[in-house]
Amino acid sequence: MDKAFNIIVPLKKFSLEWSFLAIMMFYPFVATISIFLRIPSRPLSVTYRFCYLVLVLFVLFIEKSKIGKQNIKYSKYFVYLSLFWLLYLLRMYYDLILCGLKVGYASNGFAYYFQYGILGSFLPALVFLLCHREINFRSLFKKLKFFSWPLALCLLYIIDHEFGLNSQIFLSRIYLGEDANIINPI
Numbered sequence: 006m007d008k009a010f011n012i013i014v015p016l017k018k019f020s021l022e023w024s025f026l027a028i029m030m031f032y033p034f035v036a037t038i039s040i041f042l043r044i045p046s047r048p049l050s051v052t053y054r055f056c057y058l059v060l061v062l063f064v065l066f067i068e069k070s071k072i073g074k075q076n077i078k079y080s081k082y083f084v085y086l087s088l089f090w091l092l093y094l095l096r097m098y099y100d101l102i103l104c105g106l107k108v109g110y111a112s113n114g115f116a117y118y119f120q121y122g123i124l125g126s127f128l129p130a131l132v133f134l135l136c137h138r139e140i141n142f143r144s145l146f147k148k149l150k151f152f153s154w155p156l157a158l159c160l161l162y163i164i165d166h167e168f169g170l171n172s173q174i175f176l177s178r179i180y181l182g183e184d185a186n187i188i189n190p191i
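Residue numbering for the sequence shown follows the working numbering, beginning at 6 and increasing consecutively.
Dropping the structure here:
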């Protein structure tokens, strides 16, 4: 069959781009929905994280034909990502197990770090790295630009609703607070 008439190829590329877009950008929309509807954010957050984990696993296992051994074997970025996450896991082990820290983010325990750090960051980054040759970045960046304005508005609304927009909010992004010795799981 001629590739020009194969409908599966464009559908796979379409699903890959939309999967990564949902993984990267949809969480602030979920948080905004919980504020607008005045419902607890945890059920929506858990549902969202489950859905994007399913998307990541879909790409990793169903679309595995796109992940060639050459993507892993010759990629310095794969080595850098693996090294970063190895150091991250060692830091988690040191903070939570050896030192028994119970302040800041560490008070939530190992499951919190695992959920947000490994499942929420590592797996999507790994899949993105392994499939980067199959992604139409021009199309993906167009979608990112399109959704970035509503995303920014959602984030500003959440910050204003929860904390109020003041200079302290923006200054807190520059310097480290009292929990600076605790690694942020995200």
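Backbone N, C-alpha and C fix where the C-beta goes; we use that ideal spot for every residue, glycine too.
This structure is a prediction, so every number in the text was calculated from the model and none was measured.
A straight-line Cα-Cα distance of about 12 angstroms links Pro48 and Ile38. Under the three-state reduction of DSSP output, Cys56 falls in the helix class. Rounded to whole angstroms, the gap between the alpha carbons of His137 and Leu88 is 19 angstroms. For Phe83, the uninterrupted alpha helix (DSSP H) segment begins and ends at 81–97. Judged by pairs of C-beta atoms under 8 angstroms, the segment 117–126 does not touch the segment 156–164, as fewer than three such pairs exist. The beta carbon of Ile163 lies closer than 8 angstroms to those of Pro33, Ala36, Thr37, Ile40 in the same chain, with the five residues before and after it left out. Sorting Tyr85, Tyr118, Arg54, Lys81 by C-alpha distance to the C-alpha of Arg96 places Tyr118 at the top. When secondary structure is reduced to three states using DSSP, Gly122 falls in the helix class.
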